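Asks: Here it is: the structure, laid out below.
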Amino acid sequence: MRSLMGLPSLLLVVVASADRIVLECHTSVNRADGNLTIELYPEWAPLGVERAIALAEDGFFSNLPFFRAIPHFLIQFGIQLDAAKQRHWQHQGNIKDDPSQGIPFTEGVVSFAGYSKDSRSTHLFITLGEQRGLGSRPWEVAIGKVVRGIDVVHGIYTGYGDQVQQGRLQRSDAVQYVADNFPKLDKFEACEVRRNTPSTAGGAALEAAVPQEGAPLGEEGGRQGAVETEKGEERGE
1 MRSLMGLPSL LLVVVASADR IVLECHTSVN RADGNLTIEL YPEWAPLGVE
51 RAIALAEDGF FSNLPFFRAI PHFLIQFGIQ LDAAKQRHWQ HQGNIKDDPS
101 QGIPFTEGVV SFAGYSKDSR STHLFITLGE QRGLGSRPWE VAIGKVVRGI
151 DVVHGIYTGY GDQVQQGRLQ RSDAVQYVAD NFPKLDKFEA CEVRRNTPST
201 AGGAALEAAV PQEGAPLGEE GGRQGAVETE KGEERGE
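Residue 1 is where the sequence shown starts when you use UniProt numbering, and the numbers rise one by one after that.
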């Protein structure tokens, strides 16, 4: 009985001390105020969260285009049009994969994209709706979740799909390439890291952490599968 009686107080301590790290981001989306909040969970993916924080604190998310936006699937970003900043992060190298905690890819989940084992670098994506086909590859590990502004995420322009050539975004004429060919492309305008912020997700994060019955990770739910970066793009080719 002692252990059972002690359990509620233990859980209370865990919940009460669950201060979070969030990214407060402003976008170019003309919906609501254009702002969204991404809550990061180190317990889900410590290495991924550490890299995301480092990118944000370095200003990597400033004027960062959503270069791949596919309706009912995902929004992908992570190629900086500032060539010097992009080169800097390429030189930082990739990070190792975090062990999967079995977090399902429900609406608004944030993860790194990659192309093979230990390939995570700067590319991330946000899911649009539940994606049962994601989560079976080593780089597809949830690091956080959009807890405010999911309507803004759904307002990101998706008319270009995956037409943007990732390699072209790292050339010297990248800004002109986007302006000439993809004038409606939305972007992050800026993201700020805020630490020790009380959780704004409430039960949402806990709900996302519980796998849905009948929806095992890696099940191919429709035509969408892995979220991969282009290997040549990672080298700036």
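For every residue, glycine included, the Cβ atom is placed at its ideal position computed from N, Cα and C.
These numbers were taken from a predicted model, which means no experiment stands behind them.
Buried or exposed: where does Lys187 fall if 16 or more other Cβ atoms within 10 Å of its Cβ makes it buried?
Replies: buried
Asks: Anyone know if the C-beta pair for Gln131 and Phe77 falls short of 8 Å?
Replies: no
Asks: Inspect the beta-carbon positions of Ala69 and Thr158 and report whether they are closer than 8 Å.
Replies: Yes.
Asks: Ordered along the chain, which non-local residues of its own chain (more than five positions away) have a Cβ less than 6 Å from that of Ser138?
Replies: It should be noted that the sequence gives Pro, not Ser, for residue 138. Taken in chain order, the residues that qualify are Asp97, Lys117.
Asks: What number of angstroms, rounded off, separates the C-alpha of Glu50 from the C-alpha of Gly135?
Replies: 20 Å
Asks: Using only the alpha-carbon positions, how far apart do Ala142 and Ile95 sit?
Replies: 15 Å
Asks: Can you tell me whether DSSP reads Leu134 as helix, strand or coil?
Replies: Correct three-state label for Leu134: coil.
Asks: Output the distance between the C-alpha atoms of Gln166 and Asn181, rounded to the nearest integer angstrom.
Replies: 13 Å
Asks: In chain order, what are the residue ranges of uninterrupted alpha helix (DSSP H) at least 4 long that sit wholly in the UniProt domain "PPIase cyclophilin-type" (34-156)?
Replies: 46-57, 83-91, 150-154
Asks: Gly48: buried (16+ other C-beta within 10 angstroms of its C-beta) or exposed?
Replies: buried
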